[in-house]
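*Asks:* Mind looking over this structure? Questions follow.
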Amino acid sequence: MADWLNFALSLTAFLSSHIIPRIGGLRDRLITKLGRSIYFSLYGAVSLLLFAWVIAAVGEAPRVAIWPHYPWMRWIPNLAMPLVFMLIFCGLGLRSPNTLGSKQGAEFDATNPGIAAVSRHPLLLALLIWAGAHLVVNGELAHVILFGTFASFPLVAMWGFDRKSARLMGAEAEAFFAQTSWLSLRPLVHRNWLRQNASALAPRCLLGLLCWAALLPLHEAVIGAWPFP
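Numbering (our numbering), first residue to last: 75 to 303.
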């Protein structure tokens, strides 16, 4: 029972650290008082520590199988994670309002939406893909709760950010939603979009792949699970 309690507390603390700062404008007040760089440095450090607690707690939770594990399932996250890293690197500093990782004060350019044409929430989409891919592989109850929660969070966040955009962008909202999507592969085969964005996004995709390749061998040492089939 104590192991379940530890897992519940760790997951609650991690989720609360992302929800509480947005209540009542607390985050904005802290950013004003501390400065953006200090606030996000502290926020990132706390998030990493809480995430480490979650990982340790889920590993100690009782093993209750919901569905069986087969070796071929491990191909799913191995194929998904390069895409996740590319979305992360392409989404950082996104010139699009109201999403995770967007550039401060960014204004949307309907003539060149950039990566927003593929996804207007690339970092949240990356989190959703990461969680969904790992959910398939990990069919024990604690992992199902963990990855199911992490998959639900970006869905709710994307919906919330879209509502905020529709409310704040006014007349520009129609063009914004017409030129962007939660996920669309059409821009990747559109000649004009490729011509406008390939030179800017290709280095980011390469950095994402290099980061994935560098971190993959550390998966077993950090997470405690061999990632390959």
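A virtual CB, placed ideally from N, CA and C, is assigned to each residue, including glycine.
Please read these numbers as outputs of a predicted model, since none were measured by experiment.
Grab the span of the alpha helix (DSSP H) containing D236 for me, first residue to last.
*Replies:* Position 162 of the sequence shown holds residue 236. 215-242 is the extent of the alpha helix (DSSP H) around D236.
*Asks:* Going by beta-carbon coordinates alone, are I189 and A154 separated by less than 8 Å?
*Replies:* Position 115 of the sequence shown holds residue 189. Position 80 of the sequence shown holds residue 154. Against a cut-off of 8 Å, the Cβ pair of A154 and I189 comes out as no contact.
*Asks:* So, using beta-carbon positions, are A131 and N80 closer together than 8 Å?
*Replies:* Here the question's residue 131 lines up with position 57 in the sequence shown. Here the question's residue 80 lines up with position 6 in the sequence shown. Contact flag set, yes.
*Asks:* Is there at least one non-hydrogen atom of the ligand MN closer than 7 Å to the beta-carbon of P301?
*Replies:* Among the components of this structure there are no ligands whatsoever, and the ligand MN is therefore not found.
*Asks:* Taking the Cβ atom as the reference point for each residue, do I94 and L100 lie within a distance shorter than 8 Å?
*Replies:* In the sequence shown, counting from the first residue as 1, residue 94 sits at position 20. In the sequence shown, counting from the first residue as 1, residue 100 sits at position 26. In this structure, L100 lies closer than 8 Å to I94 by Cβ.
*Asks:* Please name the residue or residues paired with S176 in a DSSP beta bridge.
*Replies:* Position 102 of the sequence shown, counted from the start, is the residue given in the question as residue 176. Beta-bridge pairing links S176 to L168.
*Asks:* So, with DSSP's three-state summary, where would you put A184?
*Replies:* For this step, residue 184 is matched to residue 110 along the sequence shown. Note: A184 maps to coil in three-state DSSP.
*Asks:* What does a CB cutoff of less than 6 Å around N271 pick up in its chain, not counting 5 residues either side in sequence?
*Replies:* Sequence index remark: in the sequence shown, residue 271 carries index 197 (1-based). Cβ within range, chain order: G188.
*Asks:* Please say whether W256 and L199 have beta carbons closer to each other than 8 Å?
*Replies:* Residue numbering aside, residue 199 sits at position 125 when the sequence shown is read from its first letter. Residue numbering aside, residue 256 sits at position 182 when the sequence shown is read from its first letter. Contact: yes.
*Asks:* Within 10 Å of its beta-carbon, does I97 have 16 or more other beta-carbons around it, so buried, or fewer, so exposed?
*Replies:* Mapped onto the sequence shown, residue 97 falls at position 23. Classification for I97: exposed.
*Asks:* Tell me the DSSP secondary structure of A126 in three-state form.
*Replies:* Position 52 of the sequence shown holds residue 126. Helix at A126.
*Asks:* For G222, which residues of its own chain have a beta-carbon under 7 Å away from its beta-carbon, when the five flanking residues on both sides are left out?
*Replies:* Position 148 of the sequence shown, counted from the first residue, corresponds to residue 222. If we look at G222 and ignore the five residues flanking it on each side, its Cβ neighbours are L209.
*Asks:* Look up A139 in the DSSP assignment and say whether it is helix, strand or coil.
*Replies:* Taking the sequence shown and counting its residues from 1, the one referred to as residue 139 is at position 65. A139 falls in the strand class under three-state DSSP.
*Asks:* Got a sec? Which residues, its chain only, sit under 6 Å from W141 by beta carbon, not counting five neighbours each side?
*Replies:* Your numbering for residue 141 matches position 67 in the sequence shown. If we look at W141 and ignore the five residues flanking it on each side, its Cβ neighbours are G213.
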